[in-house]
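First residue of the sequence shown? That's 11 in my numbering, and the numbers climb one at a time after it. See structure below.
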Amino acid sequence: MPELPEVETIRAQLAPRLEGRTLTSVEILDPRLTRPYDLFEVAEELEGDVVLAVERRGKYLVLRLESGLALLVHLRMTGGFGFTPRTHERAVLQLDDGSRLAYRDVRRFGTWLVLESPDIEPYLATKNGFEPLSRRFTVAWLAFRLAARRAPLKAVLLDQRVVAGLGNIYADEALWRARVNPLRPANGLGAAEVARVHRAIRAALRAGIERQGSTLRDYATPDGAEGSMQDEFRVYGRDGEPCPRCRTTISKTRASGRGTWFCPRCQPLAADVLR
Ligand SMILES: [Zn+2]
11 MPELPEVETI
21 RAQLAPRLEG
31 RTLTSVEILD
41 PRLTRPYDLF
51 EVAEELEGDV
61 VLAVERRGKY
71 LVLRLESGLA
81 LLVHLRMTGG
91 FGFTPRTHER
101 AVLQLDDGSR
111 LAYRDVRRFG
121 TWLVLESPDI
131 EPYLATKNGF
141 EPLSRRFTVA
151 WLAFRLAARR
161 APLKAVLLDQ
171 RVVAGLGNIY
181 ADEALWRARV
191 NPLRPANGLG
201 AAEVARVHRA
211 IRAALRAGIE
221 RQGSTLRDYA
231 TPDGAEGSMQ
241 DEFRVYGRDG
251 EPCPRCRTTI
261 SKTRASGRGT
271 WFCPRCQPLA
281 ADVLR
């Protein structure tokens, strides 16, 4: 569930509290977290190391360590960090300033993977395309990727190798902003539509980051605060409500198995050659 804006919010809060700190003790409480690797071996690898930087790549949090190792955390559905003890803790980090950082995960789909330095960038590059808020994510590159696929546009946008960090919520929000139907074949978009989708993806993600992500179910920032983006969704989860742009009732459908919200008037299914 956490997408780029939520992971970025977590990264921004963890960075000042983790960077420069030694992991004096690492306790991993759930073998699923490090599978197929042994939880005790992973904990031992991390213990005593110093966090140099907390970065994000797509939906991955990347803790770069002084030894050259990196801890890649993927939160999946319900993973998160907190400095105050909570239920469903799956790992606990003790820091040399006395603070205690717990990783919690109700549904236990999150993963912790420790990689050695030559393996870090290749691993992240196979899982993630360009960062959508970076200069490398251009209209031309997005057009090239969409032109290669006949699948519904939304399914292609959810592919992390096309738009790193984009998930169900921000894909719907972006397509509403772009006025493009999520079920259109990806390779059927005109140049102007691709340009709108490109701009809309960036705008939707930036709006999410500004509001510290969206709080649905189990997401909370490490400070224990909740994001506020959910109050500003234009279409996501709003079936039966009026479109904020044209007042038409928002519809719900499915795209690649995911609930998908759109405005049938602003985002018509039939391709219009004039659009
Ligand atoms: Zn509308």
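Note that CB positions come from ideal geometry on N, CA and C, so glycine has one too. The model shown is predicted, which means the values in this text are computed figures rather than measured ones.
Legend entry - Classification of Ala280 by the beta-carbon crowding that lies within 10 angstroms, buried from 16 upward: Along the sequence shown, read from residue 1 onward, the residue named residue 280 stands at position 270. Classification of Ala280: exposed, given that the 10 Å Cβ count is below 16.
Inset, instruction - Leaving out five residues on either side along the sequence, give the residues of the same chain with a beta carbon under 8 angstroms from the beta carbon of Pro232. - result: Walking along the sequence shown from the start, residue 232 turns up at place 222. Cβ within range, chain order: Ile20, Gln23, Leu24, Arg27, Gly90, Phe91, Gly92, Phe93 and Leu111.
Inset, instruction - Examine ligand 1 and report whether any of its heavy atoms sits within less than 7 angstroms of the Cβ of Thr263. - result: As a first step, residue 263 must be located in the sequence shown, where it is residue number 253. Every heavy atom of ligand 1 is 7 angstroms or more from the Cβ of Thr263, so no.
Legend entry - Arg255 CB to nearest heavy atom of ligand 1 below 7 angstroms: Locating residue 255 in the sequence shown gives position 245, counting from the first residue. Correct: Arg255 has its Cβ closer than 7 angstroms to ligand 1.
Legend entry - Any non-hydrogen atom of ligand 1 within 7 angstroms of Thr258 CB: Residue mapping note: residue 258 aligns to position 248 of the sequence shown, counting from 1. For ligand 1, at least one heavy atom lies less than 7 angstroms from the Cβ of Thr258.
Inset, instruction - Measure the C-alpha to C-alpha separation of Val283 and Arg216 and round it to an integer number of angstroms. - result: Counting from 1 along the sequence shown, the entry for residue 283 is found at position 273. Counting from 1 along the sequence shown, the entry for residue 216 is found at position 206. Annotation note: pLDDT 47 at Val283 (below 50); position unreliable, coordinate value reported separately. Straight-line Cα distance between these residues: approximately 30 angstroms.
Legend entry - Residues sharing a beta bridge with Thr8, DSSP: Here the chain has residues from 11 to 285 only, and residue 8 is not among them.
Inset, instruction - Measure the alpha-carbon distance for Ile260 versus Ala196 and round it to whole angstroms. - result: Numbered from its first residue, the sequence shown carries residue 260 at position 250. Numbered from its first residue, the sequence shown carries residue 196 at position 186. Rounded to whole angstroms, Ile260 to Ala196 spans 22 angstroms at the Cα level.
Legend entry - Nearest residue (CA-CA) to Phe140, options Lys69, Val204 and Leu185: The residue given as residue 140 occupies position 130 in the sequence shown. Cα-wise, what sits closest to Phe140 is Lys69.
Inset, instruction - Could you spell out the range, first to last residue, of the alpha helix (DSSP H) harbouring Thr19? - result: As a working mapping, residue 19 is identified with position 9 in the sequence shown. Note, Thr19: alpha helix (DSSP H), Leu14 to Leu28.
Inset, instruction - Tell me, please, which residues DSSP counts as bridged to Asp115. - result: As a first step, residue 115 must be located in the sequence shown, where it is residue number 105. Its beta-bridge partners are Gly89.
Inset, instruction - Give the DSSP bridge partners of Thr32, in chain order. - result: Here residue 32 refers to the residue found at position 22 when the sequence shown is read from its first residue. Per DSSP, Val60.
Legend entry - Neighbourhood of Ser238 by C-beta, 7 angstroms cutoff - its chain only, sequence neighbours within 5 removed: Indexing the sequence shown from 1 puts residue 238 at position 228. If we look at Ser238 and ignore the five residues flanking it on each side, its Cβ neighbours are Arg221 and Gln222.
Legend entry - Unbroken alpha helix (DSSP H) run spanning Gly218, endpoints: To locate residue 218, count along the sequence shown from 1; it is residue 208. Looking at the DSSP string, the run of the alpha helix (DSSP H) that includes Gly218 is Ala201 to Glu220.
Legend entry - CB of Asn191 within 8 angstroms of CB of Phe272, strictly: The residue given as residue 191 occupies position 181 in the sequence shown. The residue given as residue 272 occupies position 262 in the sequence shown. Cβ atoms of Asn191 and Phe272: closer than 8 angstroms.
Inset, instruction - Check whether the Cβ of Ala80 lies closer than 8 angstroms to any Cβ atom in chain D. - result: Note that chain D does not occur in the displayed structure, where there is just one protein chain.
Inset, instruction - Could you tell me whether any non-hydrogen atom of ligand 1 is closer than 7 angstroms to the CB of Arg194? - result: Walking along the sequence shown from the start, residue 194 turns up at place 184. No, Cβ of Arg194 sits at least 7 angstroms from all heavy atoms of ligand 1.
Inset, instruction - Let me know if Glu76 comes out buried or exposed under the rule of 16 or more other beta-carbons within 10 Å of its beta-carbon. - result: Position 66 of the sequence shown, counted from the first residue, corresponds to residue 76. By the 10 Å Cβ count, Glu76 comes out exposed.
Inset, instruction - Measuring alpha carbon to alpha carbon, tell me which of Arg114, Pro95, Gln170 and Asp129 ends up nearest Leu81. - result: Looking up residue 81 in the sequence shown gives position 71. That would be Asp129, whose Cα lies nearest to the Cα of Leu81.
Inset, instruction - Determine the direct distance from the alpha carbon of Ser109 to that of His208, and round the result to whole angstroms. - result: Your numbering for residue 208 matches position 198 in the sequence shown. Your numbering for residue 109 matches position 99 in the sequence shown. Distance between the alpha carbons of His208 and Ser109: 41 angstroms.
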